[in-house]
Amino acid sequence: VELLNSYNENPYGIKKDRRIDDWNKIISSLPKLQSTIVDFKKEILLSGNWKEQERKKAKELLLELVPWRKGPFEIGDIFIDAEWRSNLKWERFLKLNIELSGKIILDVGSGNGYYGLRMLGQGADSVVCLEPNLSHLTQFIAINNFIQSEQIRMIPERIEELTFTEECFDLIFSMGVLYHQREPEEHLKLLCSHLKEEGTIILETLMVPEEYGEALIPEGNYANMPNVRFVHTKTGLEKLAKQAHLNIASISSACKTTTEEQRTTSWMPFKSLSDGLNVEKDLTIEGLPRPERVFFTLNKNYF
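In this note's numbering, the protein residues as written are -11 to 291.
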């Protein structure tokens, strides 16, 4: 609570960025939307009555916040077609049949809050998003400027920077984060340290074939992505969970990332997955196995 309160007056806190003044001007200039329909369960949809001039202004301002990595969002007939069709990952998560209703949730490396809003759509009591990237935080502020939800908060911190030690979350999500960690075991232990006794960790990450032993360690980029430290095998992920004293409740089937799910759009007009793949050989441009993603459901192990 103290951590959240420290960001009440200024969502950027003490973080410094030369763009913050411009971002604040964009947020304060966004037209008001009188929402008549709000839906986070099937999609992220806010429909309401905008005059055409207001709609045009809102779209121009939201486009100033590119790149939009996660989405889509539909705000007053403005369709934010983000790089990732994050609804597809969310549909894969829903197949795990994890109950979110009434839960207090932490979303680590949340991006712009897309998944946090979908969690509210499944009945979550509250969601705290951790996202150190101030550009993603600004997109969240813009979206919540229309939604005005107090059930979801975002703070620009890494989990390693948190100073509180309470085990206060029913569910902790870490999606697309583990492979960027220099010390992945410590990442899992940190997640566990903030989890209630009967809580659950939802780990979504990249996975490579067993021929790589415990993990593939890219020498440079991986599918054009920088800062990929480890891409674990199933064996490697199982070992990490054991070292972090976590039980594996379930493992989903692996899903290959396609250019239908991740691609360049007008809302993310830069390089994307297609620039990182050698389609003919079904490999990355570095000659490595192309990205496949998997969900691990983890619980604390007290034995």
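Even for Gly, the Cβ is constructed at its ideal location relative to N, Cα and C. Given the structure is predicted, the values throughout are model-derived calculations rather than measurements.
Inset, instruction - Kindly give me the distance between the Cβ atoms of Gly64 and Ala46, rounded to whole angstroms, as I take these residues to be in contact under 8 Å. - result: 7 Å between Cβ atoms; contact.
Legend entry - Same chain only: Cβ atoms within 7 Å of Phe291, ignoring 5 sequence neighbours per side: In this prediction, Phe291 scores a pLDDT of 47, lower than 50, which makes its location untrustworthy; the coordinate-derived value is nonetheless stated afterwards. Contacts found: none.
Legend entry - DSSP three-state assignment for Phe291, whether helix, strand or coil: Confidence in Phe291 is poor, its pLDDT being 47 and thus under 50, which makes the residue's placement unreliable; the coordinate value appears in the next sentence. Coil at Phe291, not helix or strand.
Inset, instruction - Could you say if the stretch 134 to 154 and the stretch -9 to 10 meet the contact criterion of at least three C-beta pairs nearer than 8 Å? - result: Flag = yes, the stretch 134 to 154 and the stretch -9 to 10 touch.
Legend entry - CB contact flag (Leu18, Ala130, <8 Å): Contact flag set, yes.
Legend entry - Bridge partner(s) assigned by DSSP for Phe128: BP columns for Phe128 are empty, so no partner.
Inset, instruction - In the DSSP assignment, find the unbroken beta strand (DSSP E) run with Gly187 in it and report its ends. - result: Per DSSP, Gly187 is one residue of the beta strand (DSSP E) stretching across Leu183 to Leu194.
Legend entry - Residues near Ile32 by beta carbon distance below 6 Å, same chain, minus five either side: Around Ile32: Phe61 and Leu105.
Inset, instruction - Tell whether a beta-carbon distance below 8 Å holds between Leu122 and His182. - result: With contacts defined as CB atoms closer than 8 Å, Leu122 and His182 fail to qualify as a contacting pair.
Legend entry - Whole-number beta carbon distance between Val54 and Pro257, since they are thought to touch under 8 Å: With a beta-carbon spacing of about 7 Å, Pro257 and Val54 fall inside the 8 Å limit used to define contacts.
Legend entry - Coil, strand or helix - Asp9 by DSSP: For Asp9, the secondary structure class from DSSP, reduced to helix, strand or coil, is helix.
Inset, instruction - Please report how far the alpha carbon of Ile68 lies from the alpha carbon of Trp255, in whole angstroms. - result: Their Cα atoms are separated by approximately 7 Å.
Legend entry - Alpha carbon of Arg80 to alpha carbon of Asp27, nearest angstrom: When rounded, the distance between both Cα atoms is 19 Å.
Legend entry - Proximity winner among Leu82, Leu76, Lys83 and Trp56, relative to Ala70 (alpha-carbon distances): Nearest of Leu82, Leu76, Lys83 and Trp56 to Ala70, Cα basis: Trp56.
Legend entry - For Asn235: DSSP bridge partner residues: Beta-bridge analysis with DSSP links Asn235 to Asn287.
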